Amino acid sequence: MHRYRSWLPSMRKFKLNALEALKIGLGAAMAVLICTALKLPHPASAGNIALLTIMVTTRKQTLSLIYKRLISYGLVVFLCWGIFPRIKPVYAAYGLYLFLIVLVLWSLGWKDTLSVNAVFGTVFLLDQDFSMENILLEFCVLGVGITIAFLLNLWQPDRMIGQMVYEKVCLVEINLLEALNELAQAIQGTSQASLDSRSLAHILEEAKEGMQLINQYTQNKLLPKDEWLVPYLELCFAQYALLHVLVNQIEANPIQTDGKYGVVSYIEELAQSVIEYVPCDQLLEANEKLIQKVESFSNETMDS
């Protein structure tokens, strides 16, 4: 069965990745340059901090990560001061530090700050300098890295991501409409279906990619005209679940149902809803009921 794919979304995704790579490279270089000019210690650390902070793809995530980096720096200083001068050998001290920092950060749900805190732990382990001056200098290194990341992440390719979202929705619609129509014809016996479980996999893949893009778009910029996208993609996931159940039934027991349980009529209605507006909550409810009926029919068949 032919499934529609376009090279345009792939080109947009490549362009998006290229822009992110450029932003990361530029940000890391600027952080190192500024720290070097200010004669701050370990300028490469600022580059790593900028890199790891720019990697998040939304403004909201950037602000959240910066907040967690600032708070966790105090924890890093406290643990390093309490462990490194007192525990020997070095590998035992660093192992204990990592154990405690991982335990605390993971308990807080701050896994995304671990890499930067490991960098600062290494710095303090090597320097063994816990003077207020050195602590403030390292804090300045952190400040340079997160400031550069914040400024660069203020720019997000909202327009491009928005275009990718709508392209993904259209791609899912085309493939879903084709699959539904083919399934309805196969159940009625008017044509032989080439639709199978494997051929459905890419529909789910496209829907998941669409949901990821929508989440990114939502956290950066969601206009009132775009608010329907999230429940719409949720509906696509539910429709995929129904298709998966029906296709498995046809593969296991390829018989004509003559519209039993309203399968054919529902599929035809569902196919029409792909291109015409039908409230998502109504379709989700009908979708769930039909899945239950089909699964119940399957259990009865197996028992008999």
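Quick note: the sequence shown uses the working numbering, first residue 2, plus one each step.
All C-beta atoms in this analysis are idealised placements derived from N, C-alpha and C, irrespective of residue type, glycine included.
Note that the structure is predicted; figures quoted are calculated from it, not measured.
- For V117, the closest alpha carbon among the candidates A51, A94, D130 is that of A51.
- Below 8 Å, too few C-beta pairs join the segment 147-163 and the segment 100-110 to call them touching: fewer than three.
- In the three-state DSSP reduction, I72 falls in the helix class (H, G or I).
- Taking the Cα of V33 as reference, the smallest distance to any Cα among Q164, S46, E179 is reached at S46.
- Inter-segment contact for the segment 79-97 and the segment 58-65 is absent: fewer than three beta-carbon pairs are separated by less than 8 Å.
- According to the DSSP assignment, L53 belongs to the alpha helix (DSSP H) that extends over 44-55.
- Between T114 and R70 the beta-carbon gap is near 6 Å, inside 8 Å, which marks them as a contact.
- Distances from the CA of A29 to each of V142, G146, W111, L66 were compared; the closest alpha carbon is that of G146.
- In the DSSP assignment, I88 falls outside any alpha helix (DSSP H), carrying neither H nor E.
- For L137, the enclosing alpha helix (DSSP H) covers residues 133-154.
- In the three-state reduction of the DSSP assignment, G26 falls in the helix class, which pools H, G and I.
- Contact between F131 and W82 holds: their C-beta atoms lie close to 5 Å from each other, under 8 Å.
- A check of alpha carbon separations from L39 across Q164, N154, L138 identifies L138 as the nearest.
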